[in-house]
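> Numbering-wise, the numbering used here puts 414 at position 408 of the first sequence, and it's gapless, one number per residue. Beta carbons: idealized from backbone N, C-alpha and C, even for Gly. Only a predicted model underlies this, so the values are computations on that prediction, with no experimental measurement involved.
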Amino acid sequence: MPGRQLEKIYDPTQVEERWYRFWTEKGYFHATVDRPGAPYSIVIPPPNITGSLHLGHALNNTLQDILIRWRRMQGRNTLWMPGTDHAGIATQNVVERQLLAEGTSREVLGREAFVKRVWDWKAQSGGSILQQLKRLGASCDWDRLRFTMDEGLSQAVREVFVRLHEDGLIYRGERLINWCPRCLTALSDIEVEHEETKGKLYHIEYPLADDPKTRLVVATTRPETMLGDTAVAVHPEDPRYNHLIGKKVRLPLTSRDIPIIGDPILVDREFGTGAVKITPGHDFNDFEAGERHNLPRIAILNQRAQMDASGLHDAQVDPSLNLTLKPVHQARALMVDALRERGFLAKVEDHKMSLGKCYRCKTVVEPYLSPQWFVKIKPLAEPAIKAVEDGRIRLIPEGWVNNYLGWMRDIKDWCISRQIWWGHQIPAWYCRSCNEDAIIEAAPNSFTMTSDAKPVVARTAPAHCPDCSASDFIRDPDVLDTWFSSALWPFSTLGWPEQTPELKTYYPTSTLVTGLDILFFWVARMIMMGLKFTGNVPFRDVYIHALVRDAEGQKMSKSKGNVMDPLSVMEKYGTDALRFTLAAMASPGRDVKLAEERIEGYRNFANKIWNAARFILMNLDGPREAAPPKDRSFADRWILSRLNRTIRDVNASLEAYRFDQASSQIYHFIWHEYCDWYLELVKPSFQSKDSADAKRTRQTLVESFETLQRLLHPVMPFITEEIWQTLPHEGDSLVIQRYPVPIPEWNAKDIEAEFAVLEQFVTTVRTGRAQLNYQPGKVLALYGATSRGEQLTTLRHLLPFIEHLSRGSVKLAAVETWPTDKVLRLPVEGMTVGLVVEGEVDLEKVLSRLQKQSEEKEQEIQRLEAKLHNVEFTSKAPAEVIREHGDRLRILQQDSRLLVGSGQQLRSMMQSRKE
RNA sequence: GGGCGGAUAGCUCAGCCGGGAGAGCGCUGCCCUUACAAGGCAGAGGUCACAGGUUCGAUCCCUGUUCCGCCUACCA
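Next up, the structure:
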């Protein structure tokens, strides 16, 4: 049964697509509730439909796929639920840009046509990331693909909204919210990115109304908003100012007088001048201060962050300033000039401050006063805190727990309404006749509702008004924050609110794999919603992985030009190499710095495996015999024992989400034990094709290598399937084979100890070879000696292997019987290895190395002796440590004596050569 | 401002419930030895950031310092 010949170099492009198609055609990734095995489920963090695969996705999905493939092979009933997220703002932006290029706009199209246009776009190009996930090998159940705007998920959204509203956890009200003047929508607090920037602190003089020569100086970073000031605050206990409380100042550049008030919360006496202007319409703190003191609010900016005509009028601003419709930064410059000219500007100093920007478009965000929908979050947060505190949900690594708890305990109400068209429209309707004054038709067919409007919240459009029974309604134009629907993802994708078999089987899901960046956006909200609506946690484990950075540790971004495209990486090095790299670098709590050389290194690893497979297939031509492990050869027993250890380690690592450990354990085993030693040890047994050893070793080769393919498959699915299919095997695909578990009969501690002796001997011969500058192929005359009985037995027993790996003939005899004039002696762990010295050899070099070694050993001996002579140590250290120190010392002393002898003997050799 | 994490070989990192300092990549030397030059063999390279403390003993535990990340916060 000669297997098919493999090419000399592994070519992933020949392999990957073929097997992925095979797997999906066979339906291996499809989950059914009646499948045996304990359920294991993961919901994918749904990528944006606007997105294309970047390395963060690649890492995230590689780790999920490793878990899913591993659990599937363990016989669990696995489900990996895939899907995409409608990404309201981002998607709307993309389509609006297209419209702009076509010379039109969403306003021209109208809402209905625009939304249809977005669906068209989604149908065309919204799914490309899914194809890329397949390319990565993701074993998702594609038959269950979900989208946050699917009818089923939309129904879940409406259901949740209505129930939260019924429970009083959703309300509508006029608040100061974060507003993006480019996207023209509200944002939640966490959608604002704060960035440290260099700004200015302007000191502005406000003359007292009844005594214009006396001026109160306030400090501000935003002089343009002073036009909306409705008070100035000082600290009530500040002797510099408190006598002014109750008086008024004339607001510069306006004809308004505003009061001076005392407020100990807002005012920090140490900062600036100790006097603060209060602009309740444009600053969150000022808004609260305004609430405390019943101050009027004047909005001087419109929704595009331009100076607003009616706002300027209300604020009684000097019209000659010509500010109308000037954007913020221009208005600021004009204001500063005007203040300076008219003598109100005391001074300007540099000032560090943080600026809020829209996380989607990086535009500076404005606090904006408008009616919005909010989720009252505290009652939802409390159970979510408890679930993590009591361990029903584990965060891994657990260092993030405090982060999570801290954020949750301090959580603020969640603004969920967005003034865009793409998304789940809020299920709230306004009766026209009851809200006549509250409904404003801003443009034809475009309405806004004041905060006084009374909505009817319902699952479907109401037929009659509960108050006046009229039937003319206008639906709330706002849509919900995209994260509102993603918060339901773990159960909405499984059919909720229906109690589907899927929901019963796969919920709570087992593990969530995600990046830190969406811990609050997504994970926290899923926990809150899951607990609220299913009474159960949405997942047991949350594995939080790091960010992928470039080789210099910089965040990858298009503007920096340091992005690495995973698709071209897969093209160049193969998908398995990329996956292995990401897994190997996924150390907990540390960012992944990705350099291309690493990927190349693991590409080489794939090739190493490939060539091991070639070797095995070449030698499989002949009978095989499945003898019990203990009856097999030394090499066979050794590799099975080592493989067993690796199986144990890898399983333990995966259980602990230590993808890095699992990968390096497999890497080390395959390359440095299996290939470097085992395959070399085994070569001689094939010299006589039909020997018992050959038969059994063939069997061991197949067993061990087949097991290795199973062990590695979750990380490198493609090459392992390709190799597995060429090896003798049972079954249709590696995907559905059982994951390796340790086999007790494979353990052979004694054999491993024997191997250590062999390895030391052989390595020492090789070192000697290198020192004597012998060709690797040169067959040597070698000697071996040891005074330790068990070592001698092992050496005798393993002589054929040792001779093969040392490329020489080894005489085991007492050192005294070796020829003194032509043998280099090298000690190792109590043994002495002898190499015959022939030809032109630089013995000086050899000697100096011996001397250096000798010194190192001597140092170590002295250190150990000092320790063992120290009574404090011997009386207080554990017996085991003392014994171990003693053992080590004895071996060192032995080696040291041998080294000295070896050096003397070498010197006399050199002497006799000279003569 | 607060919190968290990091500082170990040229680079990227592992290790550490305290007892001989490791890997990968890179580097040096020899070798195209029929599985693999995307390879083999051998090797060089580290006062484990700094200063104290606890201990018989500290890379590891504690305290402080410096530097670097990240998260978070309304200091106008």
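1) Under a three-way DSSP split, which group does W86 fall into?
2) Taking 8 Å as the cut-off, does the region 66-81 touch the region 130-147 (at least 3 CB pairs, one atom from each stretch)?
3) Quick one: what's N184 bridged to in DSSP?
4) Tell me whether G33 is buried or exposed, calling it buried when 16 or more other Cβ atoms sit within 10 Å of its Cβ.
5) Could you tell me how far apart the beta carbons of L912 and V852 are, in whole angstroms, since I believe they sit closer than 8 Å?
6) Please classify M7: does DSSP put it in a helix, a strand, or coil?
7) Sorted by chain position, which residues of the same chain lie with C-beta nearer than 6 Å to T800's C-beta, five sequence neighbours on each side aside?
8) For A469, which residues of its own chain have a beta-carbon under 8 Å away from its beta-carbon, when the five flanking residues on both sides are left out?
9) Can you check whether the CB of T520 is closer than 9 Å to the CB of I550?
10) With D655 as the anchor, note down where its alpha helix (DSSP H) starts and where it stops.
11) Per DSSP, what kind of secondary structure is A883 in: helix, strand or coil?
12) Report the rounded CA-to-CA distance for M7 versus E686, giving the unit in angstroms.
13) Who does T454 pair with in a DSSP beta bridge?
14) Is C367 buried or exposed, if buried means 16 or more other CB atoms sit within 10 Å of its CB?
15) Is the CB-CB distance between L61 and V829 below 9 Å?
16) Considering Cα atoms alone, identify which of E736, K636, R78 and G580 is closest to Q20.
17) Output the boundary residues of the beta strand (DSSP E) element that contains L214.
18) Considering only the alpha carbon of each residue, which of M532, F153 and I135 lies closest to W125?
19) Do K254 and L214 have their CB atoms nearer than 9 Å?
20) Counting C-beta neighbours from all protein chains within 10 Å, is the total for P808 16 or more, i.e. buried, or is it exposed?
21) Excluding the five sequence neighbours on either side, which residues of its own chain have a C-beta within less than 7 Å of the C-beta of E22, listed in chain order?
22) Just list the residues that DSSP pairs D356 with in beta bridges.
23) P88 and L139: beta carbons closer than 9 Å?
24) How big is the Cα-Cα spacing for G9 and P45?
25) Taking 9 Å as the threshold (C-beta atoms), are M455 and W495 in contact?
26) Excluding five sequence neighbours on each side, which residues of the same chain lie with their C-beta closer than 8 Å to the C-beta of K219?
27) Nearest-angstrom Cα distance between V598 and I605?
28) Can you tell me which residues form a DSSP beta bridge with L486?
29) Can you tell me where the alpha helix (DSSP H) with V101 in it begins and where it stops?
30) Using the rule of at least 16 other Cβ atoms within 10 Å of the residue's Cβ for burial, across every protein chain shown, is M722 buried or exposed?
31) Tell me the residue span of the alpha helix (DSSP H) that contains Y410.
32) Taking the runs of the alpha helix (DSSP H) that are 4 residues or longer, which of them lie wholly in the region 554-628?
33) Anyone know if the C-beta pair for P258 and R348 falls short of 9 Å?
34) Using a Cβ-Cβ cutoff of less than 6 Å, which residues in the same chain neighbour M916 once the five nearest sequence positions on both sides are dropped?
35) What does V721 pair with, by DSSP beta-bridge criteria?
36) Nearest CA to the CA of R338: which residue from K363, I422, R438 and K206?
So, from the listed chains and residues:
1) strand
2) Yes, the region 130-147 touches the region 66-81.
3) L193 and P373
4) So G33 ends up on the exposed side.
5) 7 Å
6) Only weak support is given to the placement of M7: the predicted model assigns it a pLDDT of 37, under 50, and the value that follows is read from those uncertain coordinates. Reduced to three states, the DSSP call for M7 is coil.
7) E760 and V763
8) S477
9) Contact: yes.
10) F640 to E661
11) coil
12) Only weak support is given to the placement of M7: the predicted model assigns it a pLDDT of 37, under 50, and the question is left unresolved by the model.
13) For T454, which the question treats as bridged, DSSP gives the partners I446.
14) exposed
15) no
16) G580
17) Looking at the DSSP string, the run of the beta strand (DSSP E) that includes L214 is V198 to L214.
18) The option with the nearest alpha carbon to W125 is F153.
19) yes
20) Before going further, note that residue 808 is Ile rather than Pro in the sequence given. That one is buried.
21) T581 and F724
22) K206
23) yes
24) Note that G9 scores a pLDDT of 44, beneath 50, so its modelled location is shaky; the value from the coordinates is reported in the next line. In this structure, the CA atom of G9 is about 37 Å from the CA atom of P45.
25) no
26) Non-local beta-carbon contacts of K219 in its own chain, meaning distances under 8 Å to residues more than five positions away in sequence, involve P213 in chain order.
27) 13 Å
28) S423
29) G94 to A107
30) By the 10 Å Cβ count, M722 comes out buried.
31) W406 to R415
32) 572-579, 581-590 and 602-624
33) yes
34) Same-chain partners within the cutoff: L849.
35) Paired residues: none, contrary to the question.
36) K206
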